[in-house]
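Novice: Listed in order, the protein sequences are those of chains A and B.
Quick note: the first sequence uses this note's numbering, first residue 112, plus one each step.
Quick note: the second sequence uses this note's numbering, first residue 112, plus one each step.
Every residue, glycine too, gets a C-beta built ideally from N, C-alpha and C.
Could you have a look at this structure, given as structure tokens, before my questions?
2 protein chains.
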Amino acid sequence: MTSRDAQGDAPRKVTELPLGIAPTVILVEPQLAENIGMTARAMANFGLSDLRLVNPKNGWPKKGVREAASGATHVLDRATLFGSVAEAIADCHYVLATTARERGQMKRVFSPDDAMAELVAREGQRTAVMFGRERVGLTNDEVSLADAIVTFPVSPDFPSLNLAQAVLLVGYAWRQASGRAHLPFSGELLSPPATREALVALFGNLEAALDTAGFYPPEKRDIIARNMRDMLHRMSLTEQDVRTFRGALRALTRKGT
Amino acid sequence: MTSRDAQGDAPRKVTELPLGIAPTVILVEPQLAENIGMTARAMANFGLSDLRLVNPKNGWPKKGVREAASGATHVLDRATLFGSVAEAIADCHYVLATTARERGQMKRVFSPDDAMAELVAREGQRTAVMFGRERVGLTNDEVSLADAIVTFPVSPDFPSLNLAQAVLLVGYAWRQASGRAHLPFSGELLSPPATREALVALFGNLEAALDTAGFYPPEKRDIIARNMRDMLHRMSLTEQDVRTFRGALRALTRKGT
Numbered sequence: 112m113t114s115r116d117a118q119g120d121a122p123r124k125v126t127e128l129p130l131g132i133a134p135t136v137i138l139v140e141p142q143l144a145e146n147i148g149m150t151a152r153a154m155a156n157f158g159l160s161d162l163r164l165v166n167p168k169n170g171w172p173k174k175g176v177r178e179a180a181s182g183a184t185h186v187l188d189r190a191t192l193f194g195s196v197a198e199a200i201a202d203c204h205y206v207l208a209t210t211a212r213e214r215g216q217m218k219r220v221f222s223p224d225d226a227m228a229e230l231v232a233r234e235g236q237r238t239a240v241m242f243g244r245e246r247v248g249l250t251n252d253e254v255s256l257a258d259a260i261v262t263f264p265v266s267p268d269f270p271s272l273n274l275a276q277a278v279l280l281v282g283y284a285w286r287q288a289s290g291r292a293h294l295p296f297s298g299e300l301l302s303p304p305a306t307r308e309a310l311v312a313l314f315g316n317l318e319a320a321l322d323t324a325g326f327y328p329p330e331k332r333d334i335i336a337r338n339m340r341d342m343l344h345r346m347s348l349t350e351q352d353v354r355t356f357r358g359a360l361r362a363l364t365r366k367g368t
Numbered sequence: 112m113t114s115r116d117a118q119g120d121a122p123r124k125v126t127e128l129p130l131g132i133a134p135t136v137i138l139v140e141p142q143l144a145e146n147i148g149m150t151a152r153a154m155a156n157f158g159l160s161d162l163r164l165v166n167p168k169n170g171w172p173k174k175g176v177r178e179a180a181s182g183a184t185h186v187l188d189r190a191t192l193f194g195s196v197a198e199a200i201a202d203c204h205y206v207l208a209t210t211a212r213e214r215g216q217m218k219r220v221f222s223p224d225d226a227m228a229e230l231v232a233r234e235g236q237r238t239a240v241m242f243g244r245e246r247v248g249l250t251n252d253e254v255s256l257a258d259a260i261v262t263f264p265v266s267p268d269f270p271s272l273n274l275a276q277a278v279l280l281v282g283y284a285w286r287q288a289s290g291r292a293h294l295p296f297s298g299e300l301l302s303p304p305a306t307r308e309a310l311v312a313l314f315g316n317l318e319a320a321l322d323t324a325g326f327y328p329p330e331k332r333d334i335i336a337r338n339m340r341d342m343l344h345r346m347s348l349t350e351q352d353v354r355t356f357r358g359a360l361r362a363l364t365r366k367g368t
């Protein structure tokens with residue numbers, strides 16, 4: 112199977128794309144350059160790269176699409192154009208259709224998470240997710256070419272999801288289902304937790320300073336001191352935190368005497 | 112605490128908003144009308160409604176923001192304006208800051224799912240998620256006003272997430288964590304599954320028709336018939352499906368004889 116490269120270059124075999132990796136995204140008759148560009152960006156955010164366009168309205172390429180992609184031009188540059196859904200899905204082994212409403216079709220209906228788990232389980236197969244036109248979605252005939260349906264758990268009060276937002280949710284769910292959802296950084300402490308010896312020394316410094324300052328009503332001294340130890344425990348202080356805290360306490364004590 | 116209504120109306124108490132429901136979304140110095148409108152739309156998609164804007168760049172209201180909200184004007188209409196992050200979070204009990212990169216701050220770092228589970232657990236508290244400027248995000252000082260950090264499991268090759276897309280992911284994760292992620296329709300079969308009696312009768316019709324048509328090589332008849340029964344089983348036919356299938360078979364048999 113060949114298709115026209117979306118940038119107007121010579122036909123190329125789309126079967127050269129790697130199998131069993133991220134799903135292909137198929138936009139059927141998308142209208143707005145912003146949505147196509149934002150789709151490319153959303154795909155790139157989660158590691159999807161195969162974008163197929165079926166008859167974009169008012170031609171292709173569209174003015175403003177690269178700006179909307181905000182740097183995800185590698186997705187736009189390899190996007191491919193097709194004349195029909197049947198051609199766009201020809202080399203796929205499993206195809207999902209996104210729809211916002213019941214179509215009376217007796218297909219399995221997946222949440223994004225379950226849908227992406229199904230795709231991830233199809234290792235070695237080329238999988239695709241189809242998204243319909245901005246206003247009217249996919250036709251029932253187009254939906255009937257899909258193996259199953261994906262729909263989104265939107266609020267019934269405002270279910271209208273933007274096209275690129277729908278693609279983003281599929282990309283996000285795929286990244287999670289495929290075990291690639293690593294955070295770019297962790298909350299690992301930059302300094303090790305304080306030893307209890309350091310913490311107990313801090314308690315001692317603080318309580319001595321407050322004794323000197325006449326802070327405690329004598330009959331409540333012990334209960335207030337224990338409450339403050341609880342507050343300090345809740346801070347999960349690191350070694351560095353304890354050093355900072357003791358330094359601040361020394362400065363305050365100098366100032367106060 | 113009072114704040115100016117984003118539409119320029121008289122001050123109103125923001126503490127009138129319901130507690131313990133969806134998190135507040137705070138955009139800090141957002142620049143583009145499209146992003147603010149799309150944020151409102153994304154919030155409405157997942158049932159979030161309290162939008163706060165800290166010093167939107169180039170003033171407020173912005174031209175084009177209502178169009179970008181695509182009908183989610185109820186979120187824009189009740190949006191509130193603030194002069195600083197400290198004021199915007201004043202009545203909140205727990206605040207998350209979204210950041211795309213490590214800030215050297217010793218805070219917990221959550222994925223969207225874990226972050227929203229944490230918010231949902233804080234029933235009765237007003238919670239908020241802060242999002243920074245389009246290009247540079249939140250300042251370290253602003254991050255230091257948050258209890259913890261949320262970051263997104265984006266591809267390291269293309270981590271730049273659009274502002275409204277980030278809000279969408281938070282809304283989606285909140286809807287899932289809060290147990291509200293119901294799909295708008297299910298894949299329940301519109302007709303009950305076929306009884307095995309109906310299915311076995313279909314096998315009989317099909318095999319008789321193929322016998323008559325001379326389809327089977329005699330030595331392979333039984334194995335081919337069993338393989339076709341397997342194919343039919345994989346279709347999980349309903350009562351209606353069996354009726355349709357048997358009708359089609361009758362039509363083909365009439366045509367063929």
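Within the continuous beta strand (DSSP E) that includes Thr135 of chain B, where are the two ends?
Specialist: Its beta strand (DSSP E) spans residues Thr135 to Val139.
Novice: Please list, in chain order, the chain A residues whose beta carbon lies closer than 9 Å to that of Asn251 of chain B.
Specialist: Correct list: empty, because the minimum Cβ distance to chain A is about 14 Å.
Novice: Restricting to Cα atoms, I'd like to know which of A:Glu350, A:Ile137 and A:Thr355 is closest to Val240 of chain A.
Specialist: Checked all of A:Glu350, A:Ile137 and A:Thr355; the closest Cα to Val240 of chain A is A:Ile137.
Novice: Under a CB-based cut-off of 8 Å, is Ala190 of chain B close to chain A?
Specialist: So no, Ala190 of chain B is outside the interface.
Novice: Could you work out which residues of chain B lie near Asn156 of chain A, taking near to mean beta carbons separated by less than 9 Å?
Specialist: Simply Phe263, Val265, Ser266, Phe269, Pro270, Ser271, Leu272, Asn273 and Gln276.
Novice: Answer with yes or no whether the minimum CB distance from Ala336 of chain B to chain A is below 8 Å.
Specialist: No, its Cβ sits nowhere closer than 8 Å to a Cβ of chain A.
Novice: Have a look at Arg332 of chain A and Leu313 of chain A and give me their C-alpha separation to the nearest angstrom.
Specialist: Those two C-alpha atoms are separated by around 17 Å.
Novice: Is Val265 of chain B closer than 8 Å to Leu274 of chain B when the C-beta atoms are compared?
Specialist: Contact: no.
Novice: How would you call Ile334 of chain B, buried or exposed, if buried means at least 16 neighbouring beta carbons within 10 angstroms?
Specialist: Ile334 of chain B should be labelled exposed.
Novice: Counting only Cβ pairs nearer than 8 Å, list the residues of chain A close to His204 of chain B.
Specialist: Result: empty, since nearest Cβ-Cβ is about 15 Å, beyond 8 Å.
Novice: If you reduce the DSSP assignment to three classes, tell me which class Pro304 of chain B lands in.
Specialist: In this structure, Pro304 of chain B counts as strand in the three-state DSSP scheme.
Novice: Out of curiosity, what's the CA-to-CA distance linking Glu210 of chain A and Ala197 of chain A?
Specialist: The sequence as given places Thr at residue 210 of chain A; Glu does not occur at that position. Rounded to the nearest angstrom, the two C-alpha atoms are 18 Å apart.
Novice: Taking the continuous beta strand (DSSP E) assigned at Arg214 of chain A, which residues delimit it?
Specialist: Taken as a continuous stretch (DSSP letters only), Arg214 of chain A belongs to no beta strand (DSSP E), as it is neither H nor E.
Novice: Closer than 8 Å between beta carbons: that is the criterion. Which residues of the stretch 161 to 184 of chain B meet it against chain A?
Specialist: Here the close residues are Ser181, Gly182 and Ala183.
Novice: Please decide whether Val220 of chain B counts as near chain A, where near means a Cβ-Cβ distance under 8 Å.
Specialist: Interface residue, yes.
Novice: Check the Cβ of Arg286 of chain B against every Cβ in chain A and list those closer than 9 Å, keeping chain order.
Specialist: Neighbours of Arg286 of chain B on chain A, chain order: Pro264, Val265 and Ser266.
Novice: If you count every other CB in all the chains shown that lies within 10 Å of the CB of Thr306 of chain A, and 16 or more means buried, which is it?
Specialist: With fewer than 16 Cβ atoms within 10 Å of its Cβ, Thr306 of chain A is classed as exposed.
Novice: State the start and end residues of the unbroken alpha helix (DSSP H) segment that holds Thr150 of chain B.
Specialist: Unbroken alpha helix (DSSP H) run through Thr150 of chain B: Ala144 to Asn156.
Novice: Mind listing the chain E neighbours of Ser297 of chain A? Cutoff is C-beta to C-beta under 8 Å, in chain order.
Specialist: Going by chain labels, chain E is absent from the structure shown, which instead holds the protein chains A and B.
Novice: Quick test of your reading: Val140 of chain A and Asn169 of chain A, contact by CB under 8 Å. State the CB separation rounded to the nearest angstrom.
Specialist: The sequence given here has Glu at residue 140 of chain A, not Val. No, Glu140 of chain A and Asn169 of chain A are not in contact; Cβ-Cβ is about 10 Å, not under 8 Å.
Novice: Assuming Met244 of chain A is part of the alpha helix (DSSP H), what are its boundary residues?
Specialist: For the sequence presented, residue 244 of chain A should be read as Arg rather than Met. From DSSP, Arg244 of chain A is part of no alpha helix (DSSP H); its letter is neither H nor E.
Novice: Within the same chain, show all residues whose beta-carbon is closer than 8 Å to that of Lys174 of chain A, passing over the 5 residues directly before and after it, in chain order.
Specialist: Excluding residues within five positions, the ones whose Cβ falls inside 8 Å are Ala144.
Novice: Quick one: give me the first and last residue of the alpha helix (DSSP H) that Ala226 of chain A is part of.
Specialist: Ala226 of chain A -> alpha helix (DSSP H) spans Pro223 to Ala232.
Novice: Do Arg237 of chain B and Gly158 of chain B have their C-beta atoms within less than 8 Å of each other?
Specialist: Going by C-beta atoms, Arg237 of chain B is not nearer than 8 Å to Gly158 of chain B.
Novice: I need the DSSP call for Phe326 of chain A, collapsed to helix, strand or coil.
Specialist: Three-state DSSP puts Phe326 of chain A in coil, outside helix and strand.
Novice: For the stretch 230 to 246 of chain A, which residues have a CB atom closer than 9 Å to at least one CB atom of chain B, in sequence order?
Specialist: Taking 9 Å as the Cβ-Cβ cut-off against chain B, none of the residues of the stretch 230 to 246 of chain A qualify.
Novice: Using a Cβ cut-off of 8 Å, pull out every chain A residue sitting near Ile260 of chain B, in sequence order please.
Specialist: Ordered by position in chain A, the residues that pass the 8 Å Cβ test against Ile260 of chain B are Gly298.
Novice: Return the chain-ordered ranges of every beta strand (DSSP E) run that is complete within the stretch 250 to 296 of chain B and spans a minimum of 3 residues.
Specialist: Counting whole runs of 3 or more residues, the stretch 250 to 296 of chain B contains the beta strand (DSSP E) stretches 259 to 261.
Novice: Pop quiz: Ala153 of chain B and Leu279 of chain B are said to be a contact at Cβ under 8 Å. What is the actual Cβ separation, rounded to whole angstroms?
Specialist: Between Leu279 of chain B and Ala153 of chain B the Cβ distance is about 4 Å, and since that is below 8 Å, they are a contact.
Novice: Using a Cβ cut-off of 9 Å, pull out every chain B residue sitting near Gly280 of chain A, in sequence order please.
Specialist: According to the sequence shown, residue 280 of chain A is Leu rather than Gly. The contacting residues are Leu279, Leu280 and Tyr283.
Novice: Checking contacts by CB at 8 Å: is Leu363 of chain A closer than that to chain B?
Specialist: Judged by the 8 Å Cβ criterion, Leu363 of chain A is not in contact with chain B.
Novice: Can you pull the DSSP bridge partners for Val186 of chain B?
Specialist: DSSP output for Val186 of chain B lists no bridge partner at all.
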